[in-house]
Each structure stands twice: as C-alpha cells, then as structure tokens.
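Accompanying notes for the structure given below.
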Amino acid sequence: MSQVIESPIIEGAEVFALLPQKPPMEMVDKLWFHDDSHSISGLLVKEDNIFCKNGFLCEPGLMENIAQTAGLRLGYIVYQQQKNGEAIKPPLGYIGAIKNLIIHQLPPIGAELKTEIFVQAVVFDVTLISAKSTMKGEPVASCEMKIFLKQD
4 MSQVIESPII EGAEVFALLP QKPPMEMVDK LWFHDDSHSI SGLLVKEDNI
54 FCKNGFLCEP GLMENIAQTA GLRLGYIVYQ QQKNGEAIKP PLGYIGAIKN
104 LIIHQLPPIG AELKTEIFVQ AVVFDVTLIS AKSTMKGEPV ASCEMKIFLK
154 QD
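Below you can see the structure in the form of structure tokens.
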C-alpha cells in the first residue's frame, strides 16, 4: 500500500450489505481502498469471531478474509453501478484453489487486519487474485486464489 489512507470508504452495515455472507461468517468490516485491480479491506478481530481460537484468528479465518475481500471488491463494483436505489444482490463466489499460502503469524483478538488483493486475471467467471494481509504493517498471510462466480 503506497498511499496514506485516513479513513475507510465504507464500513460496518454498508460493507455487510455488499456481501452474500451473513453472521457469523462476516470476515471483513471495512473497505479502505478500491480501484480497477486493487482493493484493501479491514477486519477488527473480535472474540466472538467464529474462526477465533485461544485468543487468535486461525488459518481458515485468514483464508476466508482474503476470499471475502475479493467478494467485497465485486460487491462494491455492483454497488457503484446500481441505479435508482435498487437493492444490491451481492454476487456469490466460491474458492476454487489456493496456491502458495504462507501464514506468517496469527492475529490476536483486538488486532486490525488489513488485506490487499490484486486482480491478476479474469477469465469468464474465474478471477485469479494475489493477496497479502498485514497487521500494523507486519505480514500475516499471503497467497494466490482462484475464485469462481456463481451465475444466476
């Protein structure tokens, strides 16, 4: 992340409206940055998080956070394109593959996680992203992920 970002673009209920996931599976709570190929989400790790164990966000939570960052990116694109105040129907995606996953550390309860995704390619209904998560600028996790979109 090369620029200083002072405040989120959207957070809380506005973020949750852009995701198909519902409690207790919400793994992003802020959108810090978004452009054509790069998005940054935030997550405050809370004790009641379904993926927290022994005071830390576990590995499946980190992977779901990355996937939901990609989902939030797409939901935000749909939100920007909507007209006439229509209700947003967030697209549903599925993790197809995870490659080169590295977990550097597990974030403790109370940590603010920032996750960046970079869109590498989009082919039909498949998006390939690279991702990295940080906490106070320190690496937490990184990977490449293929995400398949469900078509109605």
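So in my numbering, the last spot in the sequence shown is 155, and the numbers never skip. Even for Gly, the Cβ is constructed at its ideal location relative to N, Cα and C. Remember, it's a predicted structure, so these values are computed and weren't measured experimentally.
- The continuous alpha helix (DSSP H) containing VAL81 extends over residues 62–84.
- Exclusion of the five residues before and after ILE98 leaves ALA70, MET148 and ILE150 as the residues of its chain whose Cβ lies within less than 7 angstroms of its Cβ.
- Between GLY45 and GLU115, the CB-CB gap stays under 8 angstroms.
- Annotation for ASN103: CYS146 and GLU147 place their beta carbon closer than 7 angstroms to its own, counting only its chain and skipping 5 residues before and after.
- Classified as buried, GLY74 has 16 or more neighbouring CB atoms from the shown chains inside 10 Å of its CB.
- C-alpha of ALA16 to C-alpha of ILE105: approximately 31 angstroms in a straight line.
- Exposed is the label assigned to GLY58, since fewer than 16 other Cβ atoms lie within 10 Å of its Cβ.
- Proximity to MET28 across LEU131, LYS135, ILE80 and THR72 peaks at THR72, based on C-alpha coordinates.
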